[in-house]
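For reference, the structure discussed in these notes is given below.
Numbering (the numbering used here), first residue to last: 238 to 808.
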């Protein structure tokens, strides 16, 4: 009898898990329609078929009886989001794009396509790949255009293609080595200064510590070893739709000395179980400000006092311009001779590739094309604007911000306004180097905007933002001795604003889920030999593969919270 009851119970659970998508369709559809029907003027966005692994996780959660997380995850994967294409042959991509655009057209919805096949993409990192040559890329773009035809499409063109030019790759790869070399020089100089005594200083003993001599106490300088960041063990329950969406509290705030107590050689934490068995780790209670290029809302400059003169004070120096050739084509050397600036062939080819794609795709008539502009914590306005100009922004619809990243909505909208204003200023002959920057105080930047930005947003370039994973903002690691790779599967992030074309901002065309929430950014070794991610203590999936732990975090820490139940009329 017991065996028979067990069989009946298991069969019932299997049937429930298998039919879960059908049973919950009204719930999820109601949540999606609530976002879609905010305004009659809003374009309805296309939701592609979810990843099969996401449905497997939904079924596993339902099997455990975790119906709330299961419903939240199902709602996430059925929310409108971009469809990514890259690495397919021209024949394959034409067929796939035609299938997607036709399906969206039949449903009366607007599809968002992320094209990701530019040669040398991602500087050969976790998402390396792309076409092998300019000719191959042009053939691929032609195939995409053939698949679109005369249907209406929104395109995010080559994320990271302009914010991460080939000329930036060498700097990125050498950054860690340069830091190591600088630290070595400092340690050697410190040892040399402390080892010489009055009775030992002779001509024969005048060598520096770099020649291999020990320190004065006979012991080598201690090397501080990076420590693995400890991860909390469980997540809070999914918040109620009407509850507060404040960030969840963590077990330890940064700067409490918890990391300092870890001894050198400490073992990394054991691999965390899958999200289908154990909840993912909590985010830190307090986020430290980013070490490099803080965003405008995080560390604003102090407001000028009433005693200061009415004229603008001296502004902070702008960052060193990127190695892109200026439009003028010349620079002056120290000897006063005009010397042409040589642009490396790979970067020149990148601009040719993007310009070609802009021309082909915008010629289709109903295609909106947005170029890559990075995010507010990456490039200064004066750095990204010349890149957009060289890539053909004048012929594109606009630019895309925060793709696959975590910057907050206020930071992205402020950055987008500054970029759009600077593009208009440059179009009238202004120098982008003189544009207001996100590092300026808001008061100084607004004064610049009043003096130089157009009054009519219709004549300015618009933008879209990626809000798929920015509900909790960017992540800052507690352990500053590791290569943070803050963009790579950071813990404790949440879904952000739901996709919509009704933004309430005249310059912002849409808030989109461009990065597929729940898909891994890569292995995330963070400067170690791997294979473990030293922050999560697990081997992360390859880029583009489903990541159950991260998917569950995104649902549980979503801000605004995921709506999984239909609200009763009148409440």
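Just so you know, even glycine gets a beta-carbon here, dropped at the ideal spot from N, CA and C.
**Report entry** Coarse secondary structure for residue 392, derived from DSSP in three states
**Finding:** strand
Query - Inter-residue Cα distance where the pair is residue 623 and residue 308 - result: Whole-angstrom Cα-Cα distance: 45 Å.
Requested in this report: Assuming residue 756 contacts residue 790 (C-beta within less than 8 Å), just tell me the rounded distance between them.
Outcome: At roughly 13 Å, the Cβ-Cβ gap does not stay under 8 Å, so residue 756 and residue 790 are not in contact.
Query raised in the report: Taking just the CA atoms, how far does residue 618 sit from residue 677?
Result: 11 Å
Query raised in the report: Between the segment 758-776 and the segment 717-735, do at least 3 Cβ pairs fall closer than 8 Å?
Result: yes
Query - Status (buried if at least 16 other CB within 10 Å, exposed otherwise) for residue 358 - result: Within a 10 Å sphere around the beta-carbon of residue 358 sit 16 or more other beta-carbons, which makes this residue buried.
**Report entry** Limits of the unbroken beta strand (DSSP E) element including residue 689
**Finding:** Taken as a continuous stretch (DSSP letters only), residue 689 belongs to no beta strand (DSSP E), being part of the alpha helix (DSSP H) at 679-689.
Query raised in the report: Does DSSP put residue 712 in a helix, in a strand, or in coil?
Result: Here residue 712 sits in coil by DSSP.
Query - alpha helix (DSSP H) segment containing residue 661, residue limits - result: Here the alpha helix (DSSP H) through residue 661 covers 646-664.
Query raised in the report: If you run the structure through DSSP and keep just helix, strand and coil, what is residue 402?
Result: coil
Query raised in the report: Pick from 735, 593 and 649: whose alpha carbon is nearest that of residue 632?
Result: 593
Query raised in the report: Which class does residue 601 belong to by DSSP, given the choice of helix, strand or coil?
Result: Residue 601: coil per DSSP, three-state reduction.
Query raised in the report: Does DSSP put residue 744 in a helix, in a strand, or in coil?
Result: coil
Query raised in the report: Contact between the segment 662-681 and the segment 603-621: three or more CB pairs below 8 Å?
Result: yes
**Report entry** CA nearest to the CA of residue 645, picked from 629, 707, 625 and 604
**Finding:** 707
Requested in this report: Decide yes or no for the touch test of the segment 661-668 against the segment 635-653: beta carbon pairs closer than 8 Å, at least 3 of them.
Outcome: no
Query raised in the report: Going straight from the alpha carbon of residue 754 to that of residue 589, what length do you get?
Result: 31 Å
Query raised in the report: Distance, Cα to Cα, residue 793 vs residue 609?
Result: Their Cα atoms are separated by approximately 29 Å.
Query raised in the report: My guess is that residue 704 and residue 734 are in contact by the Cβ rule of under 8 Å, so how many angstroms apart are they, rounded?
Result: 4 Å
Query raised in the report: CA-CA distance, residue 799 and residue 737?
Result: Approximately 15 Å between the Cα atoms of the pair.
**Report entry** Local Cβ density within 10 Å of residue 268, reported as buried at 16 or more and exposed below that
**Finding:** In this prediction, residue 268 has a pLDDT of 40, which is less than 50 and means its spatial position is unreliable; what the coordinates show is noted afterwards. With 16 or more other Cβ atoms within 10 Å, it is buried.
Report task. For residue 702, write down the residues that DSSP places opposite it in a beta bridge. Result -> 638 and 748
Requested in this report: Check each candidate in 342, 355 and 388 and name the one with the smallest Cα separation from residue 372.
Outcome: 355
Report task. Indicate whether residue 403 and residue 586 have their beta-carbon atoms separated by less than 9 Å. Result -> Between residue 403 and residue 586, the gap from beta carbon to beta carbon is short of 9 Å.
Report task. Starting from residue 349, trace the beta strand (DSSP E) both ways and give me its first and last residue. Result -> 349-352
Query raised in the report: residue 401 and residue 606: beta carbons closer than 9 Å?
Result: no
Report task. Can you give me the Cβ contacts of residue 752 inside the same chain, cut-off strictly under 7 Å, excluding the 5 residues immediately before and after it? Result -> 640, 641, 703, 705 and 706
Requested in this report: Grab the span of the beta strand (DSSP E) containing residue 374 for me, first residue to last.
Outcome: Careful: residue 374 lies outside any beta strand (DSSP E), inside the alpha helix (DSSP H) at 371-385.
Report task. Buried or exposed for residue 289, please, with buried defined as at least 16 other CB atoms from any protein chain shown within 10 angstroms of its CB. Result -> exposed
Query raised in the report: Within this structure, are the beta carbons of residue 351 and residue 381 separated by less than 9 Å?
Result: no
Query raised in the report: Taking the alpha carbon of residue 762 as the point to measure from, which residue in 787, 723 and 750 has its own alpha carbon closest?
Result: 723
Query raised in the report: What are the start and end residues of the beta strand (DSSP E) that includes residue 322?
Result: Run containing residue 322: 320-322, per the beta strand (DSSP E) assignment.
Query raised in the report: Between residue 709 and residue 796, is the Cβ-Cβ spacing less than 9 Å?
Result: yes
Report task. Figure out for me which residue from 694, 713, 711 and 655 has the closest Cα to the Cα of residue 685. Result -> 655
Query raised in the report: Going by C-alpha distance, which of 378, 310, 317 and 361 is nearest residue 214?
Result: In this structure the chain extends from 238 to 808, so residue 214 is not present and cannot be described.
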